[in-house]
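Student: Residue numbers (the UniProt record's numbering): 1 to 323. Glycine included, every Cβ here is placed at the ideal spot set by N, Cα and C.
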Amino acid sequence: MRRAGRHGRQAQEGSPMENGVRQEPGTPEPPAAEGIPAPRPPRARPRLVFHTQLAHGSPTGRIEGFTNVKELYAKIAEVFSISPTEILFCTLNTHKVDMQKLLGGQIGLEDFIFAHVRGETKEVEVTKTEDALGLTITDNGAGYAFIKRIKEGSIINRIQTVCVGDSIEAINDHTIVGCRHYEVARMLRELPRAQPFTLRLVQPKKAFDMIGQRTRSSKSPGEARVVSGKETLRLRAQGPATLEEGPTPFEEEAASRVDDLLESYMGIRDSELASTMVEVAKGSPSVAQLARGLDSVLGEFAFPQEFVAEVWAAVCHPKGGQE
Numbered sequence: 001m002r003r004a005g006r007h008g009r010q011a012q013e014g015s016p017m018e019n020g021v022r023q024e025p026g027t028p029e030p031p032a033a034e035g036i037p038a039p040r041p042p043r044a045r046p047r048l049v050f051h052t053q054l055a056h057g058s059p060t061g062r063i064e065g066f067t068n069v070k071e072l073y074a075k076i077a078e079v080f081s082i083s084p085t086e087i088l089f090c091t092l093n094t095h096k097v098d099m100q101k102l103l104g105g106q107i108g109l110e111d112f113i114f115a116h117v118r119g120e121t122k123e124v125e126v127t128k129t130e131d132a133l134g135l136t137i138t139d140n141g142a143g144y145a146f147i148k149r150i151k152e153g154s155i156i157n158r159i160q161t162v163c164v165g166d167s168i169e170a171i172n173d174h175t176i177v178g179c180r181h182y183e184v185a186r187m188l189r190e191l192p193r194a195q196p197f198t199l200r201l202v203q204p205k206k207a208f209d210m211i212g213q214r215t216r217s218s219k220s221p222g223e224a225r226v227v228s229g230k231e232t233l234r235l236r237a238q239g240p241a242t243l244e245e246g247p248t249p250f251e252e253e254a255a256s257r258v259d260d261l262l263e264s265y266m267g268i269r270d271s272e273l274a275s276t277m278v279e280v281a282k283g284s285p286s287v288a289q290l291a292r293g294l295d296s297v298l299g300e301f302a303f304p305q306e307f308v309a310e311v312w313a314a315v316c317h318p319k320g321g322q323e
């Protein structure tokens with residue numbers, strides 16, 4: 001009996017008991033007051049791991065822990081042992097130079113990332129015989145501006161060596177690496193007519209099945225980004241990345257209209273910039289309020305007043321806006 005008593009005392013002293021069941025060391029004590037449930041431990045957020053390849057061909061790598069595009073490029077470069085400056089741009093779910101699948105500020109949690117790296121450098125001489133060259137410029141968010149569209153019948157369209165996806169490295173030997181796309185578009189617009197100038201371009205490295213391909217990427221109603229409605233990782237220039245629901249059909253349509261206005265007024269296309277402007281416009285009861293909002297968020301762009309008015313109409317009164 002004494003032996004059993006000693007065991008009972010050891011059990012009582014060594015580890016707590018609850019309803020006759022011994023609790024393992026480290027198990028939290030039951031709540032003191034009956035009827036009050038113990039707080040649940042916070043649910044651990046899943047690690048977001050994305051798969052990536054080099055667009056011209058490579059093994060598959062895994063990347064995680066990035067919050068903006070520059071960090072994403074650094075992670076991809078680390079996986080493939082290259083410099084981040086080798087990456088011109090990324091596409092989602094295709095290795096082709098498809099300007100409708102460009103990686104912007106949002107990545108679907110199931111998206112596969114293809115990195116397009118520097119290929120051959122080429123120089124072309126252009127004579128500006130009219131005000132518009134027929135180029136639409138975008139950038140990769142990390143210092144490289146590149147050609148997103150070439151207008152049929154334009155000056156650039158007649159130069160067969162210039163292709164969609166080519167990065168613009170220099171204008172007349174003046175490097176533009178580090179410039180934003182709207183700055184490059186402004187430089188090209190301000191070049192004098194009838195005076196030849198030189199573009200130094202870097203084309204993305206091509207896989208065997210892409211050699212000889214020259215993408216035109218003409219606008220069509222089916223061009224818009226396909227939205228799954230699933231969660232996406234939103235990358236931000238400042239602050240941490242966040243998980244968000246995909247854009248609604250209204251937001252997608254409004255962003256497409258604003259993107260068209262950006263091309264018309266500024267010679268650039270930028271789906272993420274368009275989406276940001278839609279967000280600002282949705283909370284603006286008037287054009288003047290939208291102008292103040294855009295100035296506080298995107299003041300570096302110095303948007304013309306008539307452009308702001310068309311953006312407000314396209315978002316807040318879509319039937320009267322651009323179609």
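1. Taking the alpha-carbon of Pro304 as reference, which of His317, Met266 and Thr60 has the nearest alpha-carbon?
2. In this structure, how does DSSP classify Gly57 when only helix, strand and coil are distinguished?
3. Quick one, which of Asp98, Ser58 and Met99 has its alpha-carbon nearest Ile82's?
4. Indicate the three-state DSSP secondary structure (helix, strand or coil) for Pro84 in the structure shown.
5. Mapping the DSSP letters down to three states, classify Asp295 as helix, strand or coil.
6. I need the DSSP call for Thr232, collapsed to helix, strand or coil.
7. Tell me the residue span of the beta strand (DSSP E) that contains Leu201.
8. Among the residues of its own chain, which have a CB less than 6 Å from the CB of Val202, if the five just before and after it don't count?
9. Decide if Phe146 is buried, meaning its Cβ has at least 16 other Cβ atoms within 10 Å, or exposed.
10. Quick one: what's Thr138 bridged to in DSSP?
11. Kindly confirm or deny that the segment 183-201 and the segment 284-296 touch, where touching means at least three C-beta pairs closer than 8 Å.
12. Assuming Lys122 is part of the beta strand (DSSP E), what are its boundary residues?
13. Since I believe Val297 is in contact with residue 325 (beta carbons under 8 Å), could you give me their beta-carbon distance rounded to a whole number of angstroms?
14. Where do the N-terminal and C-terminal ends of the alpha helix (DSSP H) with Ala281 fall, by residue?
15. Indicate whether Val126 and Ile176 have their beta-carbon atoms separated by less than 8 Å.
16. Within the continuous alpha helix (DSSP H) that includes Glu183, where are the two ends?
17. Please classify Glu245: does DSSP put it in a helix, a strand, or coil?
18. If you compare alpha carbons, which of Gln106, Glu110, Ala313 and Phe250 is closest to Leu261?
19. If you follow the beta strand (DSSP E) that Glu169 is in, where does it begin and where does it stop?
20. Taking 8 Å as the limit between beta carbons, can you name the residues of its chain near Ala207, skipping five residues before and five after?
21. Closer than 6 Å by C-beta to His174: which residues in its own chain qualify, once you throw out the five before and the five after it? Chain order, please.
Tutor: Here's the rundown:
1. Met266
2. coil
3. Ser58
4. helix
5. helix
6. strand
7. Pro196 to Pro204
8. Arg118, Thr121, Ser167 and Glu169
9. buried
10. Phe146
11. no
12. Phe112 to Thr127
13. Outside the shown range of the chain, which is 1 to 323, sits residue 325, and nothing can be said about it.
14. Ser271 to Lys282
15. no
16. His181 to Glu190
17. strand
18. Ala313
19. Ser167 to Ile171
20. Ala55, His56, Gly57 and His95
21. none
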